[in-house]
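Visitor: These protein sequence lines map, in sequence, to chains A and B. Counting from 543, one number per residue, gives the positions in the first sequence under my numbering. Counting from 43, one number per residue, gives the positions in the second sequence under my numbering. For glycine and all other residues, C-beta sits at the position ideal for the given N, C-alpha and C. I'd like to ask you about the structure that follows.
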Amino acid sequence: EPEVTQTPSHQVTQMGQEVILRCVPISNHLYFYWYRQILGQKVEFLVSFYNNEISEKSEIFDDQFSVERPDGSNFTLKIRSTKLEDSAMYFCASSRTGSGYTFGSGTRLTVV
Amino acid sequence: QKEVEQDPGPLSVPEGAIVSLNCTYSNSAFQYFMWYRQYSRKGPELLMYTYSSGNKEDGRFTAQVDKSSKYISLFIRDSQPSDSATYLCAPNAGGTSYGKLTFGQGTILTVHP
Numbered sequence: 543e544p545e546v547t548q549t550p551s552h553q554v555t556q557m558g559q560e561v562i563l564r565c566v567p568i569s570n571h572l573y574f575y576w577y578r579q580i581l582g583q584k585v586e587f588l589v590s591f592y593n594n595e596i597s598e599k600s601e602i603f604d605d606q607f608s609v610e611r612p613d614g615s616n617f618t619l620k621i622r623s624t625k626l627e628d629s630a631m632y633f634c635a636s637s638r639t640g641s642g643y644t645f646g647s648g649t650r651l652t653v654v
Numbered sequence: 043q044k045e046v047e048q049d050p051g052p053l054s055v056p057e058g059a060i061v062s063l064n065c066t067y068s069n070s071a072f073q074y075f076m077w078y079r080q081y082s083r084k085g086p087e088l089l090m091y092t093y094s095s096g097n098k099e100d101g102r103f104t105a106q107v108d109k110s111s112k113y114i115s116l117f118i119r120d121s122q123p124s125d126s127a128t129y130l131c132a133p134n135a136g137g138t139s140y141g142k143l144t145f146g147q148g149t150i151l152t153v154h155p
């Protein structure tokens with residue numbers, strides 16, 4: 543069964559450093575998303591991406607965050623200057639139609 | 043009032059029991075209602091997808107939506123230990139927000155043999 547693949551599974555970074563979280567969506571999918579889940583809290587929407595542009599973003603997705611689909615297969619989330627409160631599980635998801643999408647297993651980001 | 047509220051449990055039932063999981067929501071714009079299952083250290087996995095009010099059945103799972111009371115339910119029949127997971131309701135408004143899911147807190151379910 544096709545999968546959404548996320549790398550790395552766990553990343554530790556120092557506060558203030560830039561991180562890039564990588565995702566390979568399912569190959570024929572057109573819609574791409576990032577969500578995050580702080581430990582013990584809800585899964586929260588960050589951003590949706592379609593046709594090479596952001597279609598919607600949440601209040602969390604401020605200027606420190608950016609997304610890119612650099613080569614037609616990868617989908618990345620960049621955090622420019624990480625803060626302690628960015629520590630969370632980050633989930634990438636993709637969908638062919640815009641609904642019922644498939645999530646990856648997540649990247650656990652720890653900011654120290 | 044929170045947009046989506048879900049009793050976090052935990053809920054513990056014996057194998058074979060019928061499980062009832064519930065969510066309430068406040069946003070009248072929600073039209074699409076999803077239930078996801080999340081195993082420990084994994085991403086959410088889509089279980090059921092319902093549009094508007096009514097029931098939908100898929101194997102041992104039944105999803106119910108009552109838009110008049112803004113109440114969503116998931117029933118699991120003949121529950122199995124492999125059903126032990128966190129269950130997340132996730133309504134969606136459709137339209138320009140078609141891809142954006144608003145998740146509930148999740149209910150932790152344990153089915154013991």
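1) Have a look at S569/A and S615/A and give me their C-alpha separation to the nearest angstrom.
2) What is the DSSP secondary structure of S124/B, reduced to helix, strand or coil?
3) How many Å lie between P52/B and I150/B at the Cα?
4) Applying the criterion that 16 or more other CB atoms from any shown protein chain within 10 Å of the CB defines a buried residue, is M631/A buried or exposed?
5) Which runs of the beta strand (DSSP E) fall wholly inside the segment 592-642 of chain A and span at least 3 residues, in chain order?
6) To the nearest angstrom, how far is it from the Cα of P56/B to the Cα of A71/B?
7) Is there a Cβ from chain A that is less than 9 Å from the Cβ of L53/B?
8) Cβ closer than 9 Å: which chain A residues qualify as neighbours of F72/B?
9) Please name the residue, chosen from R650/A, T639/A, S623/A, F645/A, that lies closest to E560/A on a Cα-to-Cα basis.
10) Would you report the Cα separation of P155/B and E595/A, rounded to the nearest angstrom?
11) For R79/B, count neighbouring Cβ atoms within 10 angstroms of its own Cβ and tell me buried if that reaches 16, exposed if not.
12) Quick check: what's the CA-CA separation for F17/B versus R83/B?
Guide: Inspection of the coordinates gives the following:
1) It is roughly 7 Å from the alpha-carbon of S569/A to the alpha-carbon of S615/A.
2) Reduced to three states, the DSSP call for S124/B is helix.
3) Looking at the backbone, the Cα of P52/B and that of I150/B are separated by about 5 Å.
4) The residue in question, M631/A, is buried, as its Cβ has 16 or more Cβ neighbours within 10 Å.
5) DSSP runs (the beta strand (DSSP E)) wholly in the segment 592-642 of chain A: 595-599, 607-610, 617-621, 630-637.
6) Approximately 37 Å between the Cα atoms of the pair.
7) Not closer than 9 Å to any Cβ of chain A, the Cβ of L53/B fails to qualify, so no.
8) Taking a Cβ-Cβ threshold of 9 Å, none of the residues of chain A is close to F72/B; the smallest such distance is about 13 Å.
9) That would be S623/A, whose Cα lies nearest to the Cα of E560/A.
10) Cα to Cα, the separation comes out at about 49 Å.
11) Here R79/B is buried, its C-beta having at least 16 other C-beta atoms within 10 Å.
12) Past the boundaries of the shown model lies residue 17/B; chain B is included only from 43 to 155, so the question cannot be answered.
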